[in-house]
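Enquirer: Top line first, the protein sequences correspond to chains A and B. Using UniProt numbering, the first residue of the first sequence is number 1, and each one after it goes up by one. Using UniProt numbering, the first residue of the second sequence is number 1, and each one after it goes up by one. All C-beta atoms in this analysis are idealised placements derived from N, C-alpha and C, irrespective of residue type, glycine included.
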Amino acid sequence: MPKLIKERVPTPERPPEERVRDFNEVNLGYTFELAKQEAERCLQCPVEYAPCIKGCPVHINIPAFIAKIKEGDVKGALRIIWNDNTLPAITGRVCPQEDQCEGACVVGKVGTAVNIGKLERFVADYAREHGIEDELLQEFARECSEKKGKVAVVGAGPAGLTCAGELAKMGYRVTIFEALHKPGGVLAYGIPEFRLPKEILDHELDKLKRLGVEIKTDHLVGRTVTIEELLGEYDAVFIGTGAGTPRLLNIPGILLGRIYSANEFLTRVNLMKAYEFPEYDTPIHVGEKVVVIGAGNTAMDAARSALRLGADVTIAYRRGREDMTARIEEIHHAEEEGVKFEFFLNPVEFIGDENGRVKAVKFEKMRPLEERDRKGKRKIVGTGEYVTLEATTVIIAIGLEPNKIITETPGLKTNPNGTLVVDENLMTSIPGVFAGGDAIRGEATVILAMGDGKRAAKAICDYIEKKAKAEA
Amino acid sequence: MGYKITAKADLSPIDYFVEVEAPHVAKAWKPGQFVVFIVHEKGERVPMSVYKAENGRIGMFIRKLGKTSLQLYYEYSVGDELWSFVGPLGKPIKVKNYGNVVFASDAVCGQAENYATLKAMKEAGNYTISIQSFENKANVYPEEFLAKPVADEHYITTDDGSVGIKGNYLDVVKELIEKDRVDIIFAGGKLGTLAKLAELTRPYGIPTITTVRQIMVDGTGMCGSCRILYGNEIKFACRDGPMFDAHKVDWADVLKRAERFKEQEQLAKERYLEELRARGVI
């Protein structure tokens, strides 16, 4: 039994007062030496037992890749990760590890869990920066051929990218159809540079292209081309369109100017680089006081982006601190940078000025009850007391619904909440059309979407092979 | 990848015509639908109506209104490429035999839709009446770009009466209604006029379908920027429109929301005009 080192080796971070002035990455990641030190803390639980593997939605062989880091064999570590996840530079940065691998870590029972996320990120970053990835890409790239099968993937977000990558590794010819001008889905429009730099994303996308995947941007499936047309040309289709439509508050004043959905705000800022207006052509205006409504990762991303645009930012949440759904690291970063939090405030009205723009938000104060709801959160009730917060800009980050354009496809069955109906193989009600990620989950995480993409790739492979046999 | 500009022409001192090669869009486009393009890497996503979709090419009418449209006009020529071009977006209008179909417009995007919509309506067996309104004689488009060839009747109006009928399309529509010659009316152009049109036709119960132009970002229903109040429900102009029953639209809100980025747009335009002057372009 190795000696237990209770406290994790910290990763260097840029100081809050410096980082809040730009959009560059906050966490700097491990160096080779620090990564090796942190890797030493892993107890190397046997694979059949390892709780971290069970806690990972794509079941990366975590103890094995950490063992390779200990040996200083980054290529070996990357090979192990790639068997289950070809996008570790992304998952290492955006996964909610505390609820998954790290949440299950044995070391975490007596000290702080092994920093699995940052180790994963280290492997990806180091391999990219030192040319190790190139060698391994050749090993993983299989000759893609139409003979094996052609698959169309709808949406270049986490689910679609993973599905495409896995199928390409198996030798299928894959084409991704993306509505926006840049692939990446939520990784491109939703997650700010300070959490996931665009050059990292671009590199990961480039890697997919080198595996043989073709990406067609500017194609909105359902309008530019239909699922039916795709089925005529491809052996199977995977839908990974995510939960692309913002949920808005059905309260007075919702149409006032400068009330944004988080999607609009983040798209303007991240995808269109509105923070560099007028150098970039897409505008954004935040004014002095920004109120963000919601408490998930999207709310944190929006709040921290607004902070970087020079505003004083308050996050208002209708429940208490313990019920916030954002990652602990992100809440912590937001607090460090100066985002203020107000709890138990439920918005009831947006108040506008004479120009039709928002100037304040009226909230009802809420009170928690002992009773808990289905999700285990304490129920809340209104107190009849009201409070008003001044706001030059409001960002609504209360969740998303599936994209409605894809669900207009004839024969594609949906659940009452708009998500697509799929069977145990992730096949939709249309034979040969599979789906995964938020399009079937409503709203989940990047890694769960990737897990679906991977599962769907296997199911699609089985489906095409079976079909080929039946036709032979 | 890029999308090549295949034709460009002046329509008037304020409007111009651009045609872009985008076979994936042209193949699927139907009247009522729009496109979104980005001129260059630092550009914004610009929603635009379609004049023609033929031979893999999309023709558009554009007004020299803001920085992007000025830049496209002054710096891009036939053979150059646009950075991004997506579509068709939005829902097509219902093309069927209504009887007497009027299409009226008083601004560039409506003039584009005027041709596209009436062409489809004529093919569906309708009697088509076109009204195109301009500020003055100088702003009237060259004959070849008017909706005349697809209209059984074609009217031009100018605010100052320098050519055609003096007034706005509303005046002609009023007369047509009084003569009981309107079964359905489609319209595009200035939002303020569309709001007035809705009130003009409402008492007669004449179906009135108008473009609701709103500021958009993605154009696919993802951001909610173009939300409007429609029969007490929130709809997205990009996904659920852009053509809506004008009688159900809350025009007061639409007019307000369209002004959201006025200061920023003005700033970008002024800066760009200064740049053009410094470079001796204008």
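Taking the alpha helix (DSSP H) that A:T393 belongs to, which residues open and close that run?
Expert: To locate residue 393 of chain A, count along the first sequence from 1; it is residue 393. Counting along the chain, A:T393 falls outside any alpha helix (DSSP H), though it belongs to the beta strand (DSSP E) covering 393 to 396.
Enquirer: Only counting the same chain, and skipping five residues up and downstream in sequence, which positions put a Cβ closer than 7 Å to that of A:S429?
Expert: In the first sequence, the residue the question calls residue 429 of chain A occupies position 429. Residues of the same chain with a CB within less than 7 Å of the CB of A:S429, apart from the 5 flanking positions on each side, are G411, L412, K413, V421 in chain order.
Enquirer: Are the Cβ atoms of A:N115 and A:R19 separated by less than 8 Å?
Expert: Taking the first residue of the first sequence as position 1, residue 115 of chain A is located at position 115. Taking the first residue of the first sequence as position 1, residue 19 of chain A is located at position 19. Their beta carbons are not under 8 Å apart, which means A:N115 does not touch A:R19 by this criterion.
Enquirer: Where do the N-terminal and C-terminal ends of the beta strand (DSSP E) with residue 477 of chain A fall, by residue?
Expert: The structure shown does not extend to residue 477 of chain A, since chain A is modelled only from 1 through 472, so no value can be given for it.
Enquirer: Would you say A:L255 faces chain B, with C-beta separation under 8 Å as the test?
Expert: Start at 1 with the first residue of the first sequence, and residue 255 of chain A comes out as number 255. Yes, contact with chain B.
Enquirer: Taking only beta carbons into account, state which residues of the region 198 to 229 of chain B come closer than 7 Å to chain A, listed in chain order.
Expert: V217, D218, T220, G221, M222, C223, G224, S225, R227, L229
Enquirer: Quick one: what's B:Y169 bridged to in DSSP?
Expert: Position 169 of the second sequence holds residue 169 of chain B. BP columns for B:Y169 are empty, so no partner.
Enquirer: Does the distance from the CB of A:E342 to the CB of A:A316 come in under 8 Å?
Expert: Residue 342 of chain A sits at position 342 when you count from the first residue of the first sequence. Residue 316 of chain A sits at position 316 when you count from the first residue of the first sequence. Yes; because the gap between Cβ atoms is below 8 Å, this pair is in contact.
Enquirer: With A:K365 as the anchor, note down where its beta strand (DSSP E) starts and where it stops.
Expert: Along the first sequence, one-based indexing puts residue 365 of chain A at 365. Note, A:K365: beta strand (DSSP E), 358 to 372.
Enquirer: Need the endpoints of the alpha helix (DSSP H) that A:P158 sits in, please.
Expert: Stepping through the first sequence from its first residue, residue 158 of chain A is reached at position 158. Looking at the DSSP string, the run of the alpha helix (DSSP H) that includes A:P158 is 158 to 169.
Enquirer: Taking contact to mean 3 or more Cβ pairs, one atom from each stretch, closer than 8 Å, check whether the region 10 to 27 of chain A and the region 327 to 346 of chain A are in contact.
Expert: Pairwise C-beta distances place the region 10 to 27 of chain A in contact with the region 327 to 346 of chain A, as three or more of them are shorter than 8 Å.
Enquirer: Label B:A252 either buried or exposed according to how many other C-beta atoms from any shown protein chain fall within 10 Å of its C-beta, with 16 as the threshold for buried.
Expert: Here residue 252 of chain B refers to the residue found at position 252 when the second sequence is read from its first residue. Per the 10 Å Cβ criterion, exposed.
Enquirer: Does the separation of the CB atoms of A:K182 and B:R239 fall below 8 Å?
Expert: The sequence position of residue 182 of chain A within the first sequence is 182, counting from 1. The sequence position of residue 239 of chain B within the second sequence is 239, counting from 1. Result no, Cβ atoms of A:K182 and B:R239 do not sit closer than 8 Å.
Enquirer: My understanding is that A:V269 touches A:T393, with C-beta atoms under 8 Å, so please give their C-beta distance in whole angstroms.
Expert: Within the first sequence, numbered from 1, the residue matching residue 269 of chain A stands at position 269. Within the first sequence, numbered from 1, the residue matching residue 393 of chain A stands at position 393. So it is not a contact: roughly 12 Å between Cβ atoms.
Enquirer: Pick out whichever of A:V361, A:E146, A:N263 has its Cα sitting closest to the Cα of A:V213.
Expert: On the first sequence, position 213 is the one that residue 213 of chain A refers to. Out of A:V361, A:E146, A:N263, the CA that lies nearest to the CA of A:V213 is found in A:E146.
Enquirer: Please work out which residues of its chain come closer than 7 Å, Cβ to Cβ, to A:A67, disregarding the five sequence neighbours upstream and downstream, and give them in chain order.
Expert: Position 67 of the first sequence, counting from 1, holds the residue named residue 67 of chain A. Excluding sequence neighbours, A:A67 sits near Q44.
Enquirer: For the alpha helix (DSSP H) holding A:I328, just list the boundary residues, first then last.
Expert: On the first sequence, position 328 is the one that residue 328 of chain A refers to. Where A:I328 is concerned, the enclosing alpha helix (DSSP H) stretches over 328 to 337.
Enquirer: Determine the closest residue to A:Y49 out of A:P88, A:C101, A:W82, A:V313, with distance taken between C-alpha atoms.
Expert: Counted from its first residue, the first sequence places residue 49 of chain A at position 49. Comparing Cα positions, the closest option is A:C101.
Enquirer: Does the beta carbon of B:F186 sit closer than 8 Å to a beta carbon anywhere in chain A?
Expert: The residue you call residue 186 of chain B lines up with position 186 of the second sequence. No, B:F186 does not count as interfacial toward chain A.
Enquirer: Since I believe A:G157 is in contact with A:L119 (beta carbons under 8 Å), could you give me their beta-carbon distance rounded to a whole number of angstroms?
Expert: Your numbering for residue 119 of chain A matches position 119 in the first sequence. Your numbering for residue 157 of chain A matches position 157 in the first sequence. Not a contact, Cβ separation roughly 25 Å.
Enquirer: Quick one, which of A:I5, A:N27, A:A459, A:N61 has its alpha-carbon nearest A:H332's?
Expert: Numbered from its first residue, the first sequence carries residue 332 of chain A at position 332. Per the Cα distances, A:N27.
Enquirer: Mind checking whether A:R247 and A:L400 have CB atoms under 8 Å apart?
Expert: Position 247 of the first sequence, counted from the start, is the residue given in the question as residue 247 of chain A. Position 400 of the first sequence, counted from the start, is the residue given in the question as residue 400 of chain A. Yes, they are a contact pair.
Enquirer: Could you tell me the distance, in whole angstroms, from the CA atom of B:V150 to the CA atom of B:Y51?
Expert: As a position in the second sequence, residue 150 of chain B is number 150, starting the count at 1. As a position in the second sequence, residue 51 of chain B is number 51, starting the count at 1. Cα-Cα distance, rounded: 12 Å.
Enquirer: Runs of 4 residues minimum, wholly inside the region 35 to 105 of chain B: which ones carry the alpha helix (DSSP H) assignment?
Expert: Those alpha helix (DSSP H) runs which fall completely within the region 35 to 105 of chain B and span 4+ residues are 67 to 75.
Enquirer: In whole angstroms, what separates the C-alpha of B:G99 from that of B:M48?
Expert: Within the second sequence, numbered from 1, the residue matching residue 99 of chain B stands at position 99. Within the second sequence, numbered from 1, the residue matching residue 48 of chain B stands at position 48. Approximately 29 Å between the Cα atoms of the pair.
Enquirer: Within 10 angstroms of the Cβ of B:K67, are there 16 or more other Cβ atoms? Answer buried if so, exposed if not.
Expert: To locate residue 67 of chain B, count along the second sequence from 1; it is residue 67. It is buried - the Cβ of B:K67 has at least 16 other Cβ atoms within 10 Å.
Enquirer: Which word fits B:I282, buried or exposed, when buried means at least 16 other C-beta atoms lie within 10 angstroms of its C-beta?
Expert: Here residue 282 of chain B refers to the residue found at position 282 when the second sequence is read from its first residue. The residue is exposed, with fewer than 16 neighbouring Cβ atoms inside 10 Å.
Enquirer: Which value, in whole angstroms, describes the spacing of the CA atoms of B:Y127 and B:V101?
Expert: Position 127 of the second sequence, counted from the start, is the residue given in the question as residue 127 of chain B. Position 101 of the second sequence, counted from the start, is the residue given in the question as residue 101 of chain B. Computed Cα separation, rounded: 6 Å.
Enquirer: For the region 200 to 218 of chain B against the region 119 to 134 of chain B, are there 3 or more C-beta pairs whose distance is under 8 Å?
Expert: no
Enquirer: Under the DSSP definition of a beta bridge, which residues are partnered with B:K262?
Expert: Residue numbering aside, residue 262 of chain B sits at position 262 when the second sequence is read from its first letter. Note: B:K262 sits in no beta bridge, so no partner.
Enquirer: The ligand FAD heavy atoms versus the CB of B:K122: any closer than 7 Å?
Expert: In the structure shown, the ligand FAD is absent, as is every other ligand, since no ligand is present at all.
Enquirer: Could you give the DSSP three-state label for A:K216: helix, strand or coil?
Expert: The residue you call residue 216 of chain A lines up with position 216 of the first sequence. Correct three-state label for A:K216: strand.
Enquirer: Report yes or no: is there a C-beta of chain A within less than 8 Å of the C-beta of B:E113?
Expert: In the second sequence, residue 113 of chain B corresponds to position 113, counting from 1. Residue-level contact check: B:E113 does not touch chain A, since none of the beta carbons of chain A fall below 8 Å from its beta carbon.
Enquirer: Indicate the three-state DSSP secondary structure (helix, strand or coil) for A:Y189 in the structure shown.
Expert: Taking the first sequence and counting its residues from 1, the one referred to as residue 189 of chain A is at position 189. Three-state DSSP puts A:Y189 in a helix.
Enquirer: Could you tell me whether the Cβ of A:L420 comes closer than 8 Å to any Cβ of chain B?
Expert: In the first sequence, counting from the first residue as 1, residue 420 of chain A sits at position 420. It does not; no Cβ of chain B falls within 8 Å.
Enquirer: Which term fits B:F244, buried or exposed, when burial requires 16 or more other beta carbons within 10 angstroms of its beta carbon?
Expert: The residue you call residue 244 of chain B lines up with position 244 of the second sequence. So B:F244 ends up on the buried side.
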